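End of the sequence shown = 392 in the working numbering, gap-free, step of one.
First comes the structure, then the notes that go with it.
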Amino acid sequence: MKFGIGMPEGPSPEYQALSRFKDYVEFKSGGEISVRLFPGNQLGSEREMLEMIQQGSLEMSFPADGAMGGFYPPMQVWSIPYVFESAPIAWHVMQSDFAERMKEDILKTTGIRALAFSQNGFRSFTNNVRPVVSPQDLAGLKIRTMESPVYMTMVNAMGATAVPIAGSEVVMALKQGVVDGQENPPAVVSNGGHGEVQDYYTLNEHTFGLHVVVANNDWFSALPEGHQQIIADGAQMMAATENLLKTEGDWLYSRRLVEEMGMKIHVSTPEEKAAFKAVAQPPVLAFIRENVGAEVVDGLIAAVEAAKADLYGN
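Structure below.
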């Protein structure tokens with residue numbers, strides 16, 4: 079089987095998770111399943127790999143929620159600003175009945191089998207102009223976003239100007255001053271080269287980014303039942319690996335960004351996050367309710383409240 083991802087071979091959580099998937103599946107299948115890895119967009123962009131999954135020319139991939147949203151719009155619901163107060167809450171929701179219903183709906187509407195959700199990381203702002211402590215500090219800044227109306231709505235609501243740019247072009251756009259900043263998790267800022275061309279980083283954690291482990295359904299369904307279980311279990315292990323490494327990376331990569339790249343980092347307080355939430359969440363909620371439907375929004379919010387109750391008690 080072929081497995082393609084966007085991140086290149088190296089120390090990134092994405093590639094480490096993929097390597098563990100390969101080792102697990104090949105070991106558990108006694109070598110009956112051979113996993114060929116294609117990192118670094120060798121097979122095309124995330125969108126192109128998703129198209130290959132649909133067409134059957136690629137067995138598995140690992141797209142981010144932004145790319146997945148182009149095939150399955152309800153995926154945008156995970157991008158509601160400040161809906162998750164911590165990574166453990168998000169992990170709980172990714173294993174919830176809400177998440178299982180979404181996987182079933184993805185299969186029904188796209189033909190793509192979603193095997194697991196995992197943590198791409200909490201996204202936060204970098205820029206080259208000034209420290210950002212409050213939404214007012216974003217006023218007038220040009221911020222690169224993914225080509226997603228949800229992210230553009232959020233950034234514009236905070237007072238900045240959202241500029242959608244493909245991921246492969248972000249570092250050059252920052253170097254050339256096309257944009258003042260961008261938003262990504264610490265691991266991406268460090269490994270992607272953003273930290274080398276940006277001065278300020280505010281860990282305000284406005285959205286929780288997802289990855290989705292996906293497979294071509296015809297290929298998966300034709301596997302022997304035992305091999306299906308190995309692949310499904312490998313996907314869960316892959317997700318758990320990324321969840322841990324992405325969370326650990328919040329402080330490990332932040333330290334690297336300060337010590338090796340000279341970035342100045344501000345960690346937002348709960349009160350500062352509340353100020354960002356007050357301006358960013360309402361317009362995004364309204365946009366998603368209008369474009370995806372209130373049911374999926376209410377379902378996620380209910381799953382978050384249930385997760386908090388399970389984790390912390392009533």
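We put the CB at the ideal spot given by N, CA and C, even for glycine.
From a predicted model like this one, the values you see are computed outputs, not experimental measurements.
| Query | Result |
| --- | --- |
| Sequence-distant residues of its chain with Cβ nearer than 7 Å to Q314 (five each side left out) | A194 |
| Nonlocal neighbours in the same chain, by C-beta distance under 7 Å from A177, ignoring five residues either side | V171, F195 |
| Simplified DSSP assignment, three categories, for N205 | strand |
| Any 3 or more C-beta pairs closer than 8 Å across the region 337-349 and the region 141-148 | no |
| Supposed close pair V357, M236 - CB separation, criterion 8 Å | 6 Å |
| Closest by C-alpha distance to G218, when choosing among E225, S226, N206 | N206 |
| T231: CB within 6 Å of a non-hydrogen atom of the ligand COA | The ligand COA is absent from the structure shown, which contains no ligands of any kind. |
| Inter-stretch contact at 8 Å, needing at least 3 Cβ pairs: the region 256-274 / the region 108-118 | no |
| P117 in three-state terms, based on DSSP | coil |
| CB of T285 within 7 Å of CB of F203, strictly | no |
| Residues near V51 by beta carbon distance below 7 Å, same chain, minus five either side | With the chain covering 79 to 392 only, the question about residue 51 has no answer from this structure. |
| C-alpha gap between L185 and E337, whole angstroms | 45 Å |
| Cβ shell of L301 (< 8 Å), same chain only, five flanking positions each side left out | I309 |
| Buried versus exposed call for E247 [16 or more other C-beta atoms within 10 Å across all chains shown] | exposed |
| Contiguous alpha helix (DSSP H) assignments of at least 4 residues, all confined to the region 296-326 | none |
| When L96, D277, W329, R367 are compared against K253, the one with the closest alpha-carbon | D277 |
| Candidates H289, S268, N321, of which the one nearest R333 by Cα | S268 |
| Within 7 Å, strictly: CB atoms of K355 and Q197 | no |
| CB contact flag (F81, M127, <7 Å) | no |
| Residue environment, L335, which counts as buried when at least 16 other CB atoms sit within 10 Å | buried |
| Residues near G84 in its chain [Cβ-Cβ closer than 7 Å; skip 5 each side] | N119, E124 |
| Proximal residues to Q359 (C-beta, below 7 Å), its chain only, five neighbours per side dropped | I158, P159, Y160 |
| Rounded straight-line distance, which links the Cα of G148 to that of G245 | 15 Å |
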